[in-house]
Structures are given as structure tokens and as C-alpha cells.
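Trainee: In the working numbering, the protein residues as written are 6 to 149.
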Ligand SMILES: [Cu+2]
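1) Counting C-beta neighbours from all protein chains within 10 Å, is the total for residue 143 16 or more, i.e. buried, or is it exposed?
2) Expressed to the nearest angstrom, what Euclidean distance is found between the alpha-carbon atoms of residue 100 and residue 134?
3) Please tell me whether residue 128 and residue 148 are closer than 9 Å, where the distance is taken between their beta carbons.
4) Does DSSP classify residue 70 as helix, strand or coil?
5) Please say whether residue 98 and residue 111 have beta carbons closer to each other than 9 Å?
6) Rounded to whole angstroms, how far is the Cβ of residue 137 from the Cβ of residue 86, which I believe are closer than 8 Å?
7) Can you tell me whether residue 95 sits near ligand 1, meaning its C-beta is under 8 Å from at least one heavy atom of the ligand?
8) Quick check: is any heavy atom of ligand 1 less than 8 Å from the C-beta of residue 138?
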């Protein structure tokens with residue numbers, strides 16, 4: 006008879022005994038509570054202030070069908086150039102050539118509607134390309 010009792014008990018997992026189950030819930034509740042206390046409620050990030058005095062771009066380049074248009078753009082020193090991505094893929098506007106990047110600018114345009122701006126401070130010819138698609142090349146001719 007003792008053996009029978011033992012067998013019945015052993016069918017239940019250890020955690021299924023009422024006492025232990027309560028303990029488990031208590032521990033779980035405590036952990037959840039700690040989690041709530043430890044987490045600061047996320048505050049909505051303030052929208053980046055858009056300055057009204059921000060100069061409007063003086064020249065625009067569109068990126069469409071894996072091409073910079075116009076491919077060559079001539080602007081005066083100080084002009085602000087804005088690139089707008091019209092493709093559904095990520096493009097970049099990266100100064101230099103694929104074999105030799107320069108540190109002048111590098112903008113990622115993650116999708117349709119994304120823009121990147123650059124103001125040329127010095128005269129000169131600035132080649133640029135898309136780091137995702139090496140064949141995409143452009144040129145900025147900055148005149149004094
Ligand atoms: Cu690209």
C-alpha cells in the first residue's frame with residue numbers, strides 16, 4: 006500500500022503542489038513589479054525643431070532609376086544642394102569615387118522621399134557616387 010501512495014504522488018510534478026505553485030506566482034509577480042519600477046516610462050521624443058530660417062536648397066538633384074539627375078550640377082560657392090531619393094531602395098550620396106572616398110560628405114537616403122543636403126564651401130569639382138551602387142556617379146561643380 007505504501008508503494009501505491011508513492012506512485013500517485015510521483016505522478017504530479019514537484020511544482021504542482023499547491024504551496025509551491027503559490028510561491029512561484031509570488032516570485033513571478035515580484036519580478037514583474039521590479040521590471041515596472043526599473044523602467045522609466047518612455048517619454049515621447051520631442052520633434053526636432055525645424056528652423057524657419059533654414060535656407061532653402063538652391064539646387065536640387067533627384068535620384069531616380071538608379072541615377073543622379075542631373076549627373077553634373079554646377080553651383081556657386083555657398084549654394085545648398087539637396088538630393089531627393091525617388092527610388093524605393095537605399096541610396097547614398099558619398100563624396101569621392103568608389104575606389105577613393107573623400108570625407109566631404111556621406112548621406113544615406115533610406116527610401117523614397119529621403120533627402121540629403123550639402124553646402125559647398127569651396128570652389129572645385131566634387132565627384133560623388135552611391136556607396137550601394139557603384140555605377141551611380143555624379144559630379145558637383147562648385148564655382149567661385
Ligand atoms: Cu544607390
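For glycine and all other residues, C-beta sits at the position ideal for the given N, C-alpha and C.
Mentor: Concretely, from the data shown:
1) As a position in the chain shown, residue 143 is number 138, starting the count at 1. Residue 143 is buried by the Cβ-count criterion.
2) Translated into the one-based positions of the chain shown, residue 100 becomes position 95. Translated into the one-based positions of the chain shown, residue 134 becomes position 129. The alpha-carbon atoms of residue 100 and residue 134 are separated by roughly 6 Å.
3) Within the chain shown, numbered from 1, the residue matching residue 128 stands at position 123. Within the chain shown, numbered from 1, the residue matching residue 148 stands at position 143. The beta carbons of residue 128 and residue 148 sit closer together than 9 Å.
4) Walking along the chain shown from the start, residue 70 turns up at place 65. Residue 70: coil per DSSP, three-state reduction.
5) Residue mapping note: residue 111 aligns to position 106 of the chain shown, counting from 1. Residue mapping note: residue 98 aligns to position 93 of the chain shown, counting from 1. It is a contact, given that the beta carbons lie within the stated cut-off.
6) Position 132 of the chain shown, counted from the first residue, corresponds to residue 137. Position 81 of the chain shown, counted from the first residue, corresponds to residue 86. Contact doesn't hold; Cβ gap of about 20 Å is too wide.
7) The residue labelled residue 95 in the question sits at position 90 within the chain shown. Yes, the Cβ of residue 95 comes within 8 Å of a heavy atom of ligand 1.
8) If you number the chain shown from 1, residue 138 lands on position 133. For ligand 1, at least one heavy atom lies less than 8 Å from the Cβ of residue 138.
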